[in-house]
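What follows is a single structure, written as structure tokens, with notes after it.
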Amino acid sequence: MSMSFVLLKTEGRARRGVYRTAHGEIQTPVFMNVATQAAIKGGLSSFDLADVGCQVALCNTYHLHLRPGEEIVRALGGLHGFMRWPGPMLTDSGGFQVFSLASLRRVTEEGVWFASHIDGRRLFLGPEESMAIQASLGADIAMAFDECVSNPAPRDYVEASCARTARWLTRCRDEWRRLTAGDGAQNPDQALFGINQGGTYDDLRVAHMREIAALALPGYAIGGLAVGESTEEMYRIISLVEPHMPADRPRYLMGVGTPGNLLEAVARGMDFFDCVLPARNARHGHLYTEEGCLNIKNEKYARDAAPVDAACGCPLCRHFSRAYLRHLFKAGEILALRLSVLHNLFFYNRLMAEIRGAIDEGRFESLRQAKAERLDRRI
RNA sequence: GUGGGUAUAGCUCAGGUGGUUAGAGCACCAGAUUGUGGCUCUGGGGGCCGUCGGUUCAAGUCCGAUUAUCCACC
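Using the numbering used here, the first residue of the first sequence is number 7, and each one after it goes up by one.
Structure (structure tokens):
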């Protein structure tokens with residue numbers, strides 16, 4: 007297996023590492039840029055991803071299975087060839103859609119029946135199906151098929167769901183081995199990451215983490231967070247689970263979060279992140295700056311000649327004023343979305359680079375203290 | 001010039017037979033958004049109901065005049 011994770015340095019629980027894939031090295035901690043349908047929403051292509059400092063692109067199994075279908079993606083060279091992104095990639099398994107499309111699915115022991123959100127067609131996604139689709143998509147990292155449980159949820163439900171997700175993980179592992187082993191293997195270099203669940207129940211979280219750690223997978227994720235619980239509760243669960251995650255494997259906190267969340271989660275031993283927030287916020291006119299998050303649509307920016315963030319080197323901030331960007335939003339121009347998404351992703355990727363530099367130099371804690379609260383402020 | 005229609009929020013319009021603080025959509029202003037069903041969702045400000053007069057306990061609503069505007073015909 008060409009996959010490997012090397013821990014370079016630690017500061018407290020914060021970790022600086024490098025994860026090697028067949029498509030290049032990932033310097034961690036890392037933010038993965040979300041391209042659910044093999045495109046960044048807001049009109050960005052893979053070429054733009056390079057410009058915003060992206061290391062890893064993330065796509066979605068459920069969405070690409072429905073459209074265009076994994077066989078088409080495979081015939082065109084897998085996701086790397088299809089969307090022309092040469093760097094490392096990860097696919098999410100469809101487990102999050104068990105949560106986000108809750109009204110359109112039914113969970114069984116075998117897997118999940120969905121009604122397609124596009125045309126209502128029934129489709130089945132279980133551990134084997136998800137792994138097979140992800141093998142065809144050909145990302146460097148495949149995620150286990152799990153059930154992302156909503157919050158709050160009764161303990162009985164979470165306990166049963168958690169046990170089922172653990173059984174599904176064994177099936178994912180078996181199918182992954184089959185798909186990556188032998189001469190005819192479709193994608194011998196694809197890694198599988200397991201996902202911890204357990205809602206907000208401490209004992210379930212820890213027991214589940216210990217159980218799945220025994221499978222010795224290439225990486226592990228914490229899932230089911232940032233789905234309704236408080237920020238404090240999220241931090242508490244990360245700190246609770248982290249000591250039970252293998253130290254020599256990457257830890258991926260799924261779906262998180264704000265810039266402040268990233269700093270706090272790195273401080274709690276997390277290495278990989280992804281989140282739709284920077285892209286979604288950008289599309290809604292919320293732009294991150296060193297002073298906090300601003301809403302460019304606010305009237306106070308109508309005559310503001312300054313860039314969104316004077317300290318930023320992104321294409322938006324290098325060339326355009328706040329007044330111009332506000333105008334583009336008010337006028338409904340597509341360019342507003344594109345420039346804003348470029349900015350926010352640039353901001354996130356640069357923040358991660360700053361975090362890596364700080365850990366390298368043993369000053370991460372002071373960076374966290376200086377920025378965690380400030381970056382999440384609304385200005 | 002004659003006949004007819006229309007005047008209600010910034011815009012386009014709803015407001016049976018008169019009856020509490022006149023509504024909607026868009027626009028405007030502001031919040032929300034965490035492994036992306038969504039340029040989405042939630043909230044807010046804003047109107048001497050063209051003007052003047054009359055009828056009535058009570059008029060956006062009925063009557064008259066007037067002004068503006070549109071249409072048709074001379």
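Don't be surprised by glycine CBs; every beta carbon is placed ideally from N, CA and C.
Given the structure is predicted, the values throughout are model-derived calculations rather than measurements.
Query, Result
"Check whether Gly117 and Gly132 have beta carbons under 7 Å apart", "yes"
"Validate contact between the segment 216-230 and the segment 192-200 using beta carbons, cut 8 Å, 3 pairs", "yes"
"Rounded straight-line distance, which links the Cα of Met149 to that of Ala420", "Here the chain covers residues 7 to 385 and nothing more, so residue 420 does not appear."
"Selected residue, minimal CA-CA separation from Arg90, among Gly319, Ala317, Ser327 and Asp54", "Asp54"
"Presumed contact (8 Å Cβ cut-off) between Met3 and Phe278, rounded CB distance", "Here the chain covers residues 7 to 385 and nothing more, so residue 3 does not appear."
"Inter-residue Cα distance where the pair is Gly298 and Arg257", "27 Å"
"Bridge-paired residues (DSSP) for Gln33", "Val24"
"Backbone CA spacing between His29 and Ala141 [nearest angstrom]", "15 Å"
"Nonlocal neighbours in the same chain, by C-beta distance under 8 Å from Phe10, ignoring five residues either side", "Note on residue identity: the sequence assigns Ser, not Phe, to residue 10. Within the same chain, Ser10 has close Cβ partners Tyr25 and Arg26."
"Those residues which DSSP pairs with Arg309 across a bridge", "None; Arg309 has no bridge partner."
"As assigned by DSSP and simplified to three states, the class of Ser10", "strand"
"Host alpha helix (DSSP H) of Asn202 (start-end)", "From DSSP, Asn202 is part of no alpha helix (DSSP H) but of the beta strand (DSSP E) over Ala197 to Asn202."
"Through-space distance from Met137 to Ser52, alpha-carbon basis", "24 Å"
"Option in Phe335, Tyr207, Phe370 and Tyr354 with minimal Cα separation from Glu239", "Tyr207"
"Closest by C-alpha distance to His69, when choosing among Gly363, His290, Ala311 and Asp125", "Asp125"
"Cβ neighbour criterion (16 or more within 10 Å) applied to Lys306", "exposed"
"Rounded Cβ spacing between Val62 and Val36 (contact assumed at less than 8 Å)", "6 Å"
"Collapsed DSSP secondary structure at Lys303 in the structure displayed", "coil"
"Any alpha helix (DSSP H) of 4 or more consecutive residues that is wholly inside the segment 137-209", "161-186"
"Alpha helix (DSSP H) segments (min. 4 residues) lying fully within the segment 90-145", "101-106 and 133-143"
"Span separating the alpha-carbon of Glu217 from that of Val164", "16 Å"
"Straight-line gap, Ala376 to Arg177 (C-alpha atoms, nearest Å)", "44 Å"
"Cβ separation of Thr42 and Ile139, assumed to be a contact under 8 Å, to the nearest whole Å", "That pair is no contact at about 14 Å."
"Burial state of Asn287, where buried means 16 or more other Cβ atoms lie within 10 Å", "buried"
"Proximity of Val347 and Leu85 at Cβ, strictly below 7 Å", "no"
"Whole-angstrom distance between Val155 and Ser109, CA atom to CA atom", "13 Å"
"Per DSSP, cross-strand counterpart(s) of Glu360", "Bridge partners of Glu360: none, in fact."
"Residue span of the beta strand (DSSP E) that contains Cys65, given as start and end", "Val62 to Asn66"
"Whole-angstrom C-beta distance between Arg374 and Ala271, which should lie under 8 Å", "Their Cβ separation, rounded to whole angstroms, is 10 Å, which puts Ala271 and Arg374 out of contact at 8 Å."
"Bridge partners - Ala453, DSSP secondary structure assignment", "Summary: the structure shown does not reach residue 453, with the chain confined to residues 7 through 385, and so no result is reported for it."
"Span of the beta strand (DSSP E) around Ile228", "Gly225 to Ile228"
"Cβ pair Leu293, Val262 closer than 7 Å", "no"
"Environment of Glu76 [buried if 16+ CB atoms lie within 10 Å]", "buried"
"Phe279 - partner residues in DSSP beta bridges", "Phe37 and Leu259"
"Spatial neighbours of Gln103 in its chain, beta-carbon cut-off 6 Å, leaving aside the 5 residues before and after", "Tyr68"
"Straight-line Cα distance separating Arg73 from Asp310", "42 Å"
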